[in-house]
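Novice: Below is one structure. I have some questions about it.
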Amino acid sequence: MLTRRHLAGLLAGAAILPAAAAAQRRTLDPGTAMPEAGERGWKAQVPQLRIGLLGGENESDRLGRFGAYQKLLEETFKLPVRLFPASDYAGVLQAFSAGQIEMASMGPSGYAGAWLDTNGGVEPLLVPEERDGSISYVSVLVVRADSGITALEQMRGKSLAWADPNSTSGYLIPRFALRKAGIGVENGQYFARTGFAGGHEQGVVAVLQKQYDGAMTWASGQGDPAQGYSRGNLRAMVEKGMLTMSDLRIIWTSEPIINGPLTVRTTLPAAFKEDMKAFHLALPKSHPQVYEQIERGGGMGYREVTHAQFQFLVEMRREEANERRRRS
């Protein structure tokens, strides 16, 4: 059973990460360097590298952002790299379960879901490190700036868009935080209507187009709010010209959430995992533009993580599934 102490620990995010995390490798470590180009012994087991791309952004933009990254991986490890953009978060979880991809950057809840679906068949390698050295981000509730809504209390009787059922910041964490505050999160309880927008970008667009009064999405919580912060969905939409932050108002912000990990299948060769760690740890230094494209903004690079740092989310996913069964 998920205890209140465990849940509180999860919402404290990076602030309560195990002390061992301090010893994990970081992009900022001296001597971090891109692996030498050339074929690897693990190529016999991984003849092509298949990478899943989460939903929440239109497909052409996703493929465009990852094009240079794909090419760099091919040039470094001398093997074909294929990108698989999923229509939603569940598509990447299903691809891991079916053994159809080797690697994907996932949200923390999505990682926990994939770990449960595969019975521990995936593991995390790295997470992004923010500009202040933390490894966390936040969930935010946005409304139109001209809506007259300035506080969460004014969302009573209004409509709310969740991003995706497998999203941490767009569903799992805000649902828990609102319930903890005594706010019913089911359709028709506190909010007149709730629904899934199909992704973070789609949720914000739905608010701008007045299809929903508010939407949950994610941001780094650092940097200039007027620019959509340093990283995240809002920053990406500002950079693509899809909105200006003056169009929106943020009326609620969660506690810090541990960043989502670069995830691989557990059964892959150890040398493959080490090469993927080394490549990504060096990427921000050696190819900063590629790094900024795939991270939709920038931070300090990456930091190693372990599954233990996501165990709280596994427990939270189990509890959410149990709650759905009880409601059914």
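FYI, in mature numbering (1 follows the signal peptide of the UniProt record, and there is no 0) the residues of the sequence shown are -21 to -1, 1 to 307. Positions of the beta carbon are idealized from the N, C-alpha and C atoms, including for glycine.
Pull the bridge partners of glycine 280 from the DSSP assignment, please.
Specialist: Glu108
Novice: What are the boundary residues of the beta strand (DSSP E) that arginine 61 is part of?
Specialist: Where arginine 61 is concerned, the enclosing beta strand (DSSP E) stretches over 60 to 64.
Novice: Assuming the contact rule is C-beta atoms closer than 8 Å, valine 186 and glycine 193 should be a hit. Round their C-beta distance to whole Å, please.
Specialist: 6 Å
Novice: If you run the structure through DSSP and keep just helix, strand and coil, what is glutamate 274?
Specialist: helix
Novice: Spatial neighbours of isoleucine 152 within its chain, please: C-beta separation below 6 Å, excluding the five flanking residues on both sides.
Specialist: Correct list, in chain order: Ser118, Ser233, Ile236.
Novice: Determine the extent of the beta strand (DSSP E) in which arginine 123 is found, giving its start and end residues.
Specialist: Arginine 123 -> beta strand (DSSP E) spans 115 to 123.
Novice: Going by C-alpha to C-alpha distance, which of Ser148, Arg154, Asn238, Ala205 sits closest to threonine 196?
Specialist: Ser148
Novice: Quick one: measure Cβ to Cβ for leucine 105 and leucine 262, integer angstroms, because I've assumed they're closer than 8 Å.
Specialist: No, leucine 105 and leucine 262 are not in contact; Cβ-Cβ is about 10 Å, not under 8 Å.
Novice: If you run the structure through DSSP and keep just helix, strand and coil, what is alanine 1?
Specialist: With a pLDDT of 49 at alanine 1, under the threshold of 50, the predicted position of this residue should be treated as unreliable, and no value is reported.
Novice: Using beta-carbon positions only, say whether threonine 242 and alanine 83 come within less than 8 Å of one another.
Specialist: yes
Novice: Report buried or exposed for glycine 43, applying the criterion of at least 16 other Cβ atoms within 10 angstroms of its Cβ.
Specialist: Classified as exposed, glycine 43 has fewer than 16 neighbouring CB atoms from the shown chains inside 10 Å of its CB.
Novice: Which of helix, strand or coil does DSSP assign to serine 225?
Specialist: helix
Novice: If threonine 6 sits next to tyrosine 281, beta carbons under 8 Å apart, how far is it from one beta carbon to the other, in whole angstroms?
Specialist: 5 Å
Novice: Reducing DSSP to helix, strand and coil, say where threonine 232 ends up.
Specialist: strand
Novice: With a floor of 4 residues, list each alpha helix (DSSP H) that falls wholly inside the region 158 to 188, ordered by position along the chain.
Specialist: 179 to 187
Novice: Out of Met255, Gly276, Gly277, which one is the CA nearest neighbour of arginine 19?
Specialist: Comparing Cα-Cα distances from arginine 19 to each of Met255, Gly276, Gly277, the minimum goes to Met255.
Novice: Quick one: Cα of methionine 279 to Cα of valine 101, how far?
Specialist: 25 Å
Novice: Going along the chain, which residues of its own chain have a beta-carbon closer than 7 Å to the beta-carbon of isoleucine 230, five neighbours each way excluded?
Specialist: Leu120, Val122, Ile128, Thr129, Ala130, Leu131
Novice: For glutamate 283 and proline 240, I'd like the C-alpha separation in whole angstroms.
Specialist: 9 Å
Novice: Under the assumption that serine 225 contacts glycine 211 (Cβ atoms under 8 Å), give the Cβ distance between them as a whole number of angstroms.
Specialist: Contact flag wrong, Cβ pair sits at about 17 Å.
Novice: With a threshold of 8 Å, are at least 3 pairs of Cβ atoms found where one atom belongs to the region 14 to 33 and the other to the region 246 to 254?
Specialist: yes
Novice: Nearest CA to the CA of glutamine 290: which residue from Lys189, Pro103, Gly276?
Specialist: Of all alpha-carbon atoms in Lys189, Pro103, Gly276, the one lying nearest the alpha-carbon of glutamine 290 is that of Pro103.
Novice: Spell out the partners DSSP gives serine 138 in its beta bridges.
Specialist: Serine 138 is bridged to Arg172.
Novice: Ignore the nearest five residues each way along the sequence and tell me which others in arginine 296's own chain have a CB closer than 8 Å to its CB.
Specialist: Ser88, Ala91, Gly92, Leu95, Leu151
Novice: In terms of DSSP beta bridges, what is isoleucine 237 paired with?
Specialist: Ser115
Novice: Who are the near neighbours of leucine 157 in its chain, counting only those whose CB is closer than 6 Å to its CB and skipping five residues on each side?
Specialist: Val164
Novice: Taking the alpha carbon of serine 209 as the point to measure from, which residue in His266, Gly277, Gln24, Gln188 has its own alpha carbon closest?
Specialist: Closest in alpha carbon position to serine 209, among His266, Gly277, Gln24, Gln188, is Gly277.
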